[in-house]
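Numbering (our numbering), first residue to last: 1313 to 1641.
Below: one structure, written as structure tokens.
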Ligand code: TYM
């Protein structure tokens, strides 16, 4: 049996280069080594309020983005989470063995709930259990994610092990795949916080869909460090180190070679080079993205096929889980 890889993205706003560098770019490489399932996790998106019409559009845009970055639908299963009801069902079953204390410790929940004040839904709290269900439903062995998801993955492993010891061997505890560099791309306007789709300012991120002028403008406005010089030093120069990481992933040039290229040059010149590297990386993706979004019939065919494949496997697994737990007839 080939190892199974599962990953997903929430359909909230456009994806940014952090999502691409931290997750999607490695998916395109990993699809040659694993059987892959890539999911648009719309049930996760509604844990915070969404505009329903916009959400519907975003779901298809994210699916089209998977294809545009180079995910091959002939090799991989692409599908939408809410179209496979077993995700929500398994999330409920797993919620009966998850402990509230474990969920209270999740840093992403703490961050998001602080921002929302009183307005914290039960769904936002149990979000990591749904994520565990996504993964465990398919006997996933590897999950490639950015650094911010590792704590959620640890919970998935804990739940798999706990279920197995309570009800007998059922789930595989998956391995987390996090890249050595680029797993946490920081905000362009503030290198102390990660780049985020929901950031207050659009100068925090570069969206996959940003045009060349916007990319140039955002790069030029990116904050820099007080100490001059293009050199990688996360402690002393967090802003430039983040830009160097982005430059490296956009161009494929090593950080040491980029440092050499800009030795003795100012930040302005470096930022211009960074912008051009990003434009070169993103323009073929944008071209393909507009091809896929203008051909909804093709996208529908791919997602329908993905849904069938996912459901087939999910139905089998949920039957086993219910049997082990003794529920139903
Ligand atoms: P989401 O939609 O927030 O992000 C999608 C992927 O992008 C990575 N990422 C980043 N990587 C580097 N730098 C950043 N600034 C950055 N921001 C985001 C994330 O780590 C992620 O890999 N809960 C997940 C979606 C999910 C999932 C799953 C993932 C639901 N079920 C099962 C894997 C397996 C999320 O909200 O990702």
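Even glycine gets a Cβ: it sits at the ideal position worked out from N, Cα and C.
For residue 1519, the three-state secondary structure derived from DSSP is strand. Under the DSSP assignment, residue 1320 falls in the beta strand (DSSP E) whose first and last residues are 1316-1321. Residue range 1347-1352 is occupied by the beta strand (DSSP E) that includes residue 1347. Residue 1381 has its CB no nearer than 8 angstroms to any heavy atom of the ligand TYM. At least 9 angstroms separates the beta-carbon of residue 1563 from that of residue 1503. In the DSSP assignment, residue 1503 falls outside any beta strand (DSSP E), carrying neither H nor E.
Residue 1556: member of the alpha helix (DSSP H) spanning 1550-1563, first to last residue.
For residue 1536, the Cβ stays outside the 8 angstroms cut-off from all heavy atoms of the ligand TYM. Secondary structure remark: continuous beta strand (DSSP E) runs of at least 3 residues inside the segment 1363-1424, in chain order: 1389-1392. Residue 1525 and residue 1513 do not touch by the CB rule: their CB atoms are close to 18 angstroms apart, not below 8 angstroms. Inside the segment 1564-1609, DSSP marks whole alpha helix (DSSP H) runs of 4 or more residues at positions 1567-1573 and 1579-1605, from first to last along the chain.
In the structure shown, residue 1344 adopts coil according to DSSP, grouped into three states.
Residue 1447 has its CB nearer than 8 angstroms to a heavy atom of the ligand TYM.
The shortest CA-to-CA distance from residue 1454 to any of 1622, 1604, 1315 and 1630 is the one to 1315. For residue 1566 and residue 1560, the gap between their C-alpha atoms comes out near 6 angstroms.
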